[in-house]
Structure formats: structure tokens, C-alpha cells
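J.: The listed protein sequences derive, respectively, from chains A and B.
The working numbering applies: residue 238 is where the first sequence begins, and numbers increase by one.
The working numbering applies: residue -19 is where the second sequence begins, and numbers increase by one.
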Amino acid sequence: MKGTWLETVRGFVWVKLIGGDADKFLNEATAANIKVWQISFEKDGSLTFGISIPDFFKLRPLLRKCGCRTRILSRHGVPFKLERLARRKVFAGGMLAFVIALFVLSMLVWNVKIEGDTAIPESRILAAARAEGLYKYQWSWRMEDTSTLSKNMARRLPDAAWVGVEKKGATIMITVVDSTKPEKRPLESPSHLVAKTDSVVTKVIAESGRPKVERNDRVKKGDVLISGLLGDEKNNKAVVSKGTVMGLVWHEYRIAAPTTKKIKSYTGASKTRNYWIIGNRALQISGYKGEEYEQSQIKSSMQRSRIRDWVLPFGSMKEVEMEVIETEQKLTPEEAKQAGLSAARSDLLAKSGVGAVIKAENILHEQTENGKVMLTVLFEVEQSIAEPRPFVQAPETPPIPQGE
Amino acid sequence: MMRVSRKLRKWTATILDLPQDVALDLPRITMIGGLQLTVENHRGVLHFSPQSLRLAMDRGEMEVTGENLIIRTIGTEEVFVEGTILGVQLHPTNKPGV
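#1: Report the option in A/V402, A/A597, A/G406, A/P395 whose CA atom is closest to the CA atom of A/T417.
#2: Among A/K318, A/R312, A/L254, which has the Cα closest to the Cα of A/L296?
#3: Is there a C-beta anywhere in chain A that falls below 9 angstroms from the one on B/N21?
#4: Determine the closest residue to A/I535 out of A/L520, A/K555, A/V548, A/R543, with distance taken between C-alpha atoms.
#5: What did DSSP end up calling A/I271 once you bin it into helix, strand or coil?
#6: Tell me whether the region 535 to 546 of chain A and the region 493 to 503 of chain A touch, counting them as touching only if at least three CB pairs, one residue from each stretch, are closer than 8 angstroms.
#7: Measuring only between beta-carbons, confirm whether A/L263 sits less than 9 angstroms from chain B.
#8: Relative to the alpha-carbon of A/E489, which residue among A/V614, A/W274, A/K440, A/T307 has its alpha-carbon at the smallest distance?
#9: Output, in sequence order along the chain, the residues in the region 273 to 286 of chain A whose CB is closer than 7 angstroms to any CB in chain B.
#10: Is the region 430 to 443 of chain A touching the region 463 to 479 of chain A, taking contact as three or more C-beta pairs under 8 angstroms?
#11: With burial defined as no fewer than 16 other Cβ atoms inside 10 Å of the residue's Cβ, what is the status of A/M483: buried or exposed?
#12: When the Cα atoms are used, what is the spatial distance from A/V252 to B/I51?
#13: To the nearest angstrom, report how far apart A/Q604 and A/S464 are at their CA atoms.
#14: To the nearest angstrom, report how far apart A/I492 and A/M611 are at their CA atoms.
#15: Using a cut-off of 8 angstroms between C-beta atoms, extract the partners of B/V44 located in chain A.
#16: Any residues in the region 22 to 33 of chain B with a beta carbon nearer than 8 angstroms to a beta carbon of chain A? Which ones, in chain order?
#17: Consider the Cβ of B/R8: report whether some Cβ of chain A lies at a distance smaller than 9 angstroms.
#18: Under the three-state reduction of DSSP, which class applies to A/F616: helix, strand or coil?
#19: Whose CA, out of A/Q532, A/A329, A/N511, lies closest to the CA of A/S502?
#20: Who are the neighbours of B/T56 on chain A, taking C-beta pairs under 9 angstroms?
#21: Report the rounded CA-to-CA distance for A/G406 versus A/I351, giving the unit in angstroms.
#22: Helix, strand or coil for A/T285? Go by DSSP, reduced to three states.
#23: Please classify B/W(-9) as buried or exposed, where buried requires at least 16 neighbouring CB atoms within 10 angstroms.
#24: Give a yes or no on whether the minimum CB-CB distance between B/L(-2) and chain A is below 9 angstroms.
#25: Sort out for me which residues DSSP pairs A/P627 with in a bridge.
#26: Please confirm whether A/D292 has its beta-carbon closer than 9 angstroms to some beta-carbon of chain B.
#27: What does DSSP give as the partner residue(s) for B/I12 in the beta ladder?
#28: Identify each residue in the region 540 to 571 of chain A for which the Cβ-Cβ distance to at least one residue of chain B is less than 9 angstroms, and report them in chain order.
#29: Quick one: grab the DSSP three-state call for A/G353.
#30: Starting from B/A36, follow the beta strand (DSSP E) in both directions and report where the run begins and ends.
#31: Might you give, ordered along the chain, the residues of its own chain that have their beta carbon closer than 6 angstroms to the beta carbon of A/E403, omitting 5 neighbours on each side?
#32: Where does A/G577 land, buried or exposed, given buried means 16+ other C-beta within 10 angstroms?
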């Protein structure tokens, strides 16, 4: 037995007993509650045993009683190690210096990080932090506590809605959240609202400016609908006119609707190919059999092996090629006409802008020829007809004559 | 008086089916092959040499014989012996009142 860890901490010695009555010594030792262990006889007949240091000093009266002497064979444990360490002053000093250096260096701020999505330049944030005494290689005890720092920094950064300062070991994290500001609108020059196309006005709502037209007025392209000039000849003011003017507009459409329709459909035949992926390369491992399809659609799905969030450069890919057949379907003239009309309607609404409504549609002409239905349709659409037109203003007041 | 109390204790141990060592304060010897031996309730070491270990008991002596005997640990109550153990002998003495 080399001694338990407790013995190692307290320190123990291997002792040789010389002369005297060994049996009596053993009895006395046990009676005095002195713990000895690994009692054995050497070849020369002397008793050796292990004993802890405090117990060793208790042995002295016993030894005198038994008439024995002791010789220490070896010393083990922490107290002896410490004693040896005390003799090597530089080494011990170095160890102490290391611990102190570690402690002192851990009190430095080693890194100042800026987090968060912010439009404020990093240098400005760092400058604000420096002004508050927060910079690299600063003693962390000279810093104020993080809540005060974040408050003061927020005062120094007016563009930030919130500034957070967090200390994580030797790193300081500054989180900056920008305050949202209203978007800056481009400056507009005074303008009228004029008609985009010829139409009949159905609704006039003027937000600013003076309406020049009324409901049911017929307007031509370029006519002023809402004027940006307020006042009379003497006292006037130019504004950016705003408002909504809706009008009825007629659109004539020529539609050529084919009486056949092509439809793609799956035949049901399919092939599956499997790949192994290594890096950005794929190795096909199955699906070489079978003929190629004339027309097909390929659906592929990839699986990357991963360990938690870490994507590994290996994986597998599965490709399914499905045969596609194109068939032609015959439409009756009525069906073709409806298809053509609905296509024209959606095209018209897309062109006419937001809020456009088809009020009426008149088929003017209809004719079937060469497998096509030819249509001429007149759509009546209620749509916004206003369009801004800036104007240049003449100088308001004549120059004042100087003196006489 | 002692004899009466010992008889009473023995009787109690028999009636209640108690282990005798608990009731009668006898040594308990645990031996693992011929390698290790633990003696509980001994009354001190009489003699120790690499060939034999004599222990005092309540009434009599106990001798452990063997080769290269080592006392691993020793306490007031128990001894733990290691080595090549060859024999354990008990030498009871019937001294009255001991």
C-alpha cells in the first residue's frame, strides 16, 4: 500500500525499527491508537512500517518504553514536497508569479466586440466607448458597471435606440440597436395632376390642389385634372397637387384565341437515380438501366449528413426522372373564346394599375379561321387616370424699384 | 457472577438466533484463500515474525502461521494480515473468570 490520498496529503514516512521489542511496540501502538500499516520484516529481521507524520511524533514515548530506535527510510506526501519546493525559491517564485500573472491578466479587457445590425460606423461606437473608459487593455476594475456604461453610451450615440454592454470574461460585448427613423421623402416640385388618357371622369378626390374637373366630364389626354396653382392672379401659391381621379377608359383588344391547347402530362414511367455526394461532386451509383425519355421532368432531393448544425461534406442525392407526354386538346369555339377573353381581361387589369375595374365588355367582331377564333373586344374600364406633371412657376412678384 | 451473566448471554443468543460473535465478544476471522486474513475483536499482538503471528483473544490465543506475513493495517479491534497463510490455530485456555 502506497498510502491513501488522505495519507498523501498529511504526509507519511516508511520507518525501520531497530532493536527492542517489536511485539510490545505493536501492542503499544495499537493501544495508543496510532495507525501503522504495511508492517513487515526485512531480510535482516528489522520491522518496517508506514506511519503518518503526526503519528510519527507521537511514537517517541512508546519507543523509549520499548527501547527501540527508528530510522526513516523514505518520505512521501505533500508536506515533504512543499519543503522541497521551499528550498527551490526561484521555482516556487515562478509558480506564484504565474498564478499572479494569470489573475492580473484576467482582469484586463482583452477584446471589445460590437454586435447587432447597426448603421452607425464601428469607429463611432468605439470612440463613444473610449470616451466612457471602455477600450482594449483597460483594467476591468476601472470600468464603470455595465448598466451605467450602457446608459452613458446611449447618451453619446443619439442614433441608437438602445445600447447594451455585456461583460463576458475578458470580452466586452456592445450591442447597438438603431432607432428607426421615418424615411426621407424626395422633395417634389409643384405639379398638376393631368389626364393620362382620354376618358370620362367618374370620381375626383383632391387631397391638395384645386380640382378642375367634375364627375361625368369628358377629358382629353393632357388635360389638367387637379391644379397645383392656388389663389388668383395676385395672391397665388404653387403646391404639389395630390388626389385620386378615376375615369372610364375604353380599350379595344384584338384577340386571336387558338382552338387547340397543349397539355403536358406524366405517362407514369419513371427512373430513379441515386448519387453519393462528396464535396461538390456527385457519383451516380444506380439508375443506369432503361432508355432515355424523349421528354421528361427531373425532381431531385439532396440529403446532407450533419452533426447537429454542422453540415458534413458527404451526403446522398436522389433523382427521379418522370416521362412527360405532350397532348393536344381540341377546344370548341366557345371555349377558345372564353379562354381568349379571360387572358385579355387579366392582361388589361395588369396594365391598368391598382384599383382598376372592368365595367363592361362588348364583343364587336367574332370570326373563326385557320383554327383560331379572332375577336375584337371593347372593354370599358374604370381606372385611375391621374398623372403628375411638374410645372415651372413664373417669378411671383416683380422686382421692387430701388429708390427714386 | 461472571459465569451467570455469560450463561445468560449465551442463552439469549441461542433463543434470539443472534450471531455468537456479537453476543459473546468472540473474535471473528475472515480469510480469503491463503492470501488475506482479517481478525476482528482481538486483544493485542503477542508475537509477530514473518512466519507467525500470535494474537491474544478473550480466552486464549490464536496463531496464524505462514510465510512472508505482513500486517497491512492494525487497529485496536482488528488486524489485517497478508502473505502466504498456511494455518490458523486456536489455543483456548480455560482460565476461570478471564
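Even for Gly, the Cβ is constructed at its ideal location relative to N, Cα and C.
T.: If we stick to the structure as given:
#1: Working through the first sequence from its first residue, we reach residue 417 of chain A at position 180. Selected option, being the one with the closest Cα: A/P395.
#2: The sequence position of residue 296 of chain A within the first sequence is 59, counting from 1. Closest by alpha carbon: A/L254.
#3: Sequence index remark: in the second sequence, residue 21 of chain B carries index 41 (1-based). Closer than 9 angstroms: no.
#4: Translated into the one-based positions of the first sequence, residue 535 of chain A becomes position 298. Among A/L520, A/K555, A/V548, A/R543, the Cα nearest to that of A/I535 is on A/K555.
#5: Working through the first sequence from its first residue, we reach residue 271 of chain A at position 34. DSSP places A/I271 in coil when its eight states are reduced to three.
#6: no
#7: Working through the first sequence from its first residue, we reach residue 263 of chain A at position 26. Yes - at least one Cβ of chain B is within 9 angstroms of the one on A/L263.
#8: Translated into positions along the first sequence, residue 489 of chain A becomes position 252. That would be A/V614, whose Cα lies nearest to the Cα of A/E489.
#9: V273, W274, Q275, I276, S277, F278
#10: yes
#11: As a position in the first sequence, residue 483 of chain A is number 246, starting the count at 1. Burial call: buried.
#12: Locating residue 252 of chain A in the first sequence gives position 15, where the first residue counts as 1. Locating residue 51 of chain B in the second sequence gives position 71, where the first residue counts as 1. If you take the alpha carbons of A/V252 and B/I51, they lie about 14 angstroms apart.
#13: Position 367 of the first sequence holds residue 604 of chain A. Position 227 of the first sequence holds residue 464 of chain A. Roughly 46 angstroms between the two C-alpha positions.
#14: Taking the first residue of the first sequence as 1, we reach residue 492 of chain A at position 255. Taking the first residue of the first sequence as 1, we reach residue 611 of chain A at position 374. Looking at the two C-alpha atoms, the distance is approximately 6 angstroms.
#15: The sequence position of residue 44 of chain B within the second sequence is 64, counting from 1. Within chain A, no residue comes near B/V44; the closest Cβ sits about 13 angstroms away, beyond 8 angstroms.
#16: G24, V25, L26, H27, F28, S29, P30
#17: Here residue 8 of chain B refers to the residue found at position 28 when the second sequence is read from its first residue. Chain A contact via Cβ: absent.
#18: Here residue 616 of chain A refers to the residue found at position 379 of the first sequence. Strand, per DSSP.
#19: Position 265 of the first sequence, counting from 1, holds the residue named residue 502 of chain A. Comparing Cα-Cα distances from A/S502 to each of A/Q532, A/A329, A/N511, the minimum goes to A/Q532.
#20: What you label residue 56 of chain B is simply residue 76 of the second sequence in a count that begins at 1. The answer, in chain order, is T267, A268, N270.
#21: Counting from one through the first sequence, the residue named residue 406 of chain A turns up at place 169. Counting from one through the first sequence, the residue named residue 351 of chain A turns up at place 114. Each residue's Cα considered, the two are about 15 angstroms apart.
#22: Here the question's residue 285 of chain A lines up with position 48 in the first sequence. Residue state, collapsed to three classes: strand.
#23: Locating residue -9 of chain B in the second sequence gives position 11, counting from the first residue. Per the 10 Å Cβ criterion, exposed.
#24: For this step, residue -2 of chain B is matched to residue 18 along the second sequence. No, its Cβ sits nowhere closer than 9 angstroms to a Cβ of chain A.
#25: Position 390 of the first sequence, counted from the first residue, corresponds to residue 627 of chain A. DSSP lists A/S428 as partners of A/P627.
#26: Within the first sequence, the letter at position 55 stands for residue 292 of chain A. It does not; no Cβ of chain B falls within 9 angstroms.
#27: Numbered from its first residue, the second sequence carries residue 12 of chain B at position 32. Paired residues: B/Q16.
#28: none
#29: On the first sequence, position 116 is the one that residue 353 of chain A refers to. Residue state, collapsed to three classes: coil.
#30: Residue numbering aside, residue 36 of chain B sits at position 56 when the second sequence is read from its first letter. Per DSSP, B/A36 belongs to the beta strand (DSSP E) from 32 to 37.
#31: The residue you call residue 403 of chain A lines up with position 166 of the first sequence. Closer than 6 angstroms at the Cβ level, and outside the excluded window around A/E403, lie M410.
#32: Along the first sequence, one-based indexing puts residue 577 of chain A at 340. A/G577 is buried by the Cβ-count criterion.
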